[in-house]
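Please read the structure below before turning to the comments.
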Amino acid sequence: MEANPELPEWLREFEKAWLVIPLKPGDELVGFVVLATPRVQFKLDWEVVALIETAAHQAASYLIQQRNEEALLEARKLDAYNRMSAFVVHDLKNMVAELSLTIKNAERHAANPEFQRDMLETVTHVTIRMQRLLMQLTAGTVLIDQPTAVSLDEIIRHAAAPK
Numbered sequence: 623m624e625a626n627p628e629l630p631e632w633l634r635e636f637e638k639a640w641l642v643i644p645l646k647p648g649d650e651l652v653g654f655v656v657l658a659t660p661r662v663q664f665k666l667d668w669e670v671v672a673l674i675e676t677a678a679h680q681a682a683s684y685l686i687q688q689r690n691e692e693a694l695l696e697a698r699k700l701d702a703y704n705r706m707s708a709f710v711v712h713d714l715k716n717m718v719a720e721l722s723l724t725i726k727n728a729e730r731h732a733a734n735p736e737f738q739r740d741m742l743e744t745v746t747h748v749t750i751r752m753q754r755l756l757m758q759l760t761a762g763t764v765l766i767d768q769p770t771a772v773s774l775d776e777i778i779r780h781a782a783a784p785k
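Each residue of the sequence shown is one higher than the one before, counting from 623 in the working numbering.
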């Protein structure tokens, strides 16, 4: 191989390089293949050129398909990240709302022992939820609580008791 300053250094150092085949299924160059000097001499006729072109087209198609699959995977990851972010933001908004309401009510009911117990319960509950959220984020997954049965009677009585 003659020294050619237009060739990249790594290709000039590849002494066995014989043929560089562009992988261009359309107007875009997606790669290239470097063939080493053949072990057996043969004539580079139209049949060999057609075979090389067919193989190059097939290889280019596989590269484009792989690139598209990677782009799709990246889009899916971004979508999952966006969904997880929406979940986290929603959960944080709820926790902030609970704490804000507690602080607002603390100004009026700070002396009430029942309110103090309820406030501690709320802060404890929010703290536990924040810890769980942090654990889920650290682990890389967000688990949604499984539905559980609740007693509406008990919730209504608890909510109405201070009134």
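Built from N, CA and C at the ideal position, the CB exists for glycine as well.
Note to self: Using a Cβ-Cβ cutoff of less than 6 Å, which residues in the same chain neighbour residue 731 once the five nearest sequence positions on both sides are dropped?
What the structure shows: So the qualifying residues of the chain are 737.
Checklist line | For residue 735, three-class secondary structure by DSSP | finding: Reduced to three states, the DSSP call for residue 735 is helix.
Notebook entry, point to check: Going by alpha carbons, who is nearest to residue 655 out of 649, 645, 661, 663?
Noted result: Among 649, 645, 661, 663, the Cα nearest to that of residue 655 belongs to 645.
Check: Does DSSP classify residue 694 as helix, strand or coil?
Finding: If DSSP states are grouped into helix, strand and coil, residue 694 belongs with the helices.
Next item on the list: Note down the Cα distance separating residue 699 from residue 759, rounded to an integer number of angstroms.
Entry: Straight-line spacing of the CA atoms in residue 699 and residue 759 works out to 15 Å.
Notebook entry, point to check: Do residue 630 and residue 686 have their C-beta atoms within less than 8 Å of each other?
Noted result: In this structure, residue 686 does not lie closer than 8 Å to residue 630 by Cβ.
Checklist line | For residue 710 and residue 755, believed in contact at Cβ under 8 Å, the rounded distance | finding: In this structure residue 755 is in contact with residue 710, their Cβ atoms being roughly 7 Å apart against a cut-off of 8 Å.
Next item on the list: With DSSP collapsed to three states, give me the class of residue 748.
Entry: Helix, per DSSP.
Item checked: Cross-strand partners of residue 644 (DSSP beta bridge) -> In DSSP, residue 644 forms a bridge with 654.
Checklist line | 8 Å Cβ cutoff met for residue 632 and residue 658 | finding: Taking a C-beta distance under 8 Å as the contact criterion, residue 632 and residue 658 do not qualify as a contact pair.
Checklist line | Contact check, residue 724 vs residue 744, beta carbons under 8 Å | finding: Yes; because the gap between Cβ atoms is below 8 Å, this pair is in contact.
Notebook entry, point to check: Rounded to the nearest angstrom, how far is the Cβ of residue 741 from that of residue 717, given a contact under 8 Å?
Noted result: At roughly 15 Å, the Cβ-Cβ gap does not stay under 8 Å, so residue 741 and residue 717 are not in contact.
Notebook entry, point to check: What's the gap between the Cα of residue 635 and the Cα of residue 690?
Noted result: Each residue's alpha carbon lies about 33 Å from the other.
Margin query: Could you tell me the alpha carbon to alpha carbon distance between residue 679 and residue 704, rounded to whole angstroms?
Written below: Taking the straight line joining both Cα atoms gives about 37 Å.
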